[in-house]
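Sequence positions in the sequence shown follow my numbering and run 240 to 531.
Every residue, glycine too, gets a C-beta built ideally from N, C-alpha and C.
These numbers were taken from a predicted model, which means no experiment stands behind them.
Accompanying notes for the structure given below.
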Amino acid sequence: MGFLDRGYPAARSPYDSAWTAVAALVVANAAVFVANLLGPAEPASLNDLLALHGDLPRRPWRCWELLTYGFAHESLNPRQQLPWHILGNMFTLWFFGRAVEDLLGRAEFLRFYAAALVVAGLAWLASVALAPTGASARLIGASGAVTAVLALFIWHYPHQTVLVWGVLPVPAWALGVLYVAWDVQGTGVRDSNVAHIAHLAGAAFGLLYAWQGWSLAGLGDLAGRLVPSRRRGRYRVLRPDDDAAGEDAPLHRQVDRILEKISRSGSSSLTQRERDTLARASKRLKDRDPVS
């Protein structure tokens, strides 16, 4: 049945007008790839501008490279007939990322993806710092973040059947073992043009994120939750549960806020208090509307 026999939540309806995060990322990567092909050649290429350079610790003002490198991919060369670098990454992101986005919600998925890029990039920087020519090295490609997405998929759906190369059925956990074994073996290969350390760091971040049940929503909401305290004239951070209107607001307003949070960050981000609120609202609706 194609690449995957779906045993996980179905993707959004094709009639949904809103773009998914996965679709937006695939289009963005494809657009950068095409723009790089049409633009100037090395050393002034778009890829060189976006790449993560090994001397970043000496030039911290170029910190954007920790994100932009994930949207640049290897260009075609005379020995290639297809751009395998970007095709492999986007193919994996498309088939595994949609299920992960359904779990996390669009906004949380983007935060997770961006954080994975940063973690993978930092791990690579640490590895090249030990190499004699590390400062002249550069990193491009979304593999670190894509591996994190794959790891998160495997955590939630370890027994889902995956068709390797479209023909060999294996459980998702076995695919993960193959990936990790290949990357561990690759770290010992000299002159390899594959950033195996970035892959392993991405996988470790994805597994740790799932194991610890992290939510990155606070990164985007932190500034909005800094409000002045009239009593002391200072600023303090309010947790979502501490919203003064939370307890006094009508139940339907609380439910609307919780549903918006689910849409933004996924149901896994709900606190026990919010789950209890939904259960109380559901019970009230049942009591109000008798079944005929």
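In this structure, DSSP gives L509 a state outside helix and strand, which the three-state scheme calls coil. The C-beta of G445 has 16 or more other C-beta atoms within 10 Å across all chains shown, which makes the residue buried. Per DSSP, the unbroken beta strand (DSSP E) holding T400 starts and ends at T400 to V403. Here V265 is buried, its C-beta having at least 16 other C-beta atoms within 10 Å. Here the alpha carbon of V409 sits roughly 19 Å from the alpha carbon of W333.
Distance between A520 and S502, taken at the CA atoms: about 18 Å. In the DSSP annotation of this structure, the continuous segment of the alpha helix (DSSP H) that includes V271 starts and ends at A260 to L277.
Beta-bridge annotation (DSSP): L407 is paired with V403.
By the Cβ test, the segment 301-317 is in contact with the segment 263-281, since at least three Cβ pairs between them sit closer than 8 Å.
Bridge partners of L291 according to DSSP: L378. Comparing alpha carbon positions, the residue from A262, S508, R492 and L289 closest to R377 is L289. Taking the Cα positions, L291 is about 17 Å away from N328.
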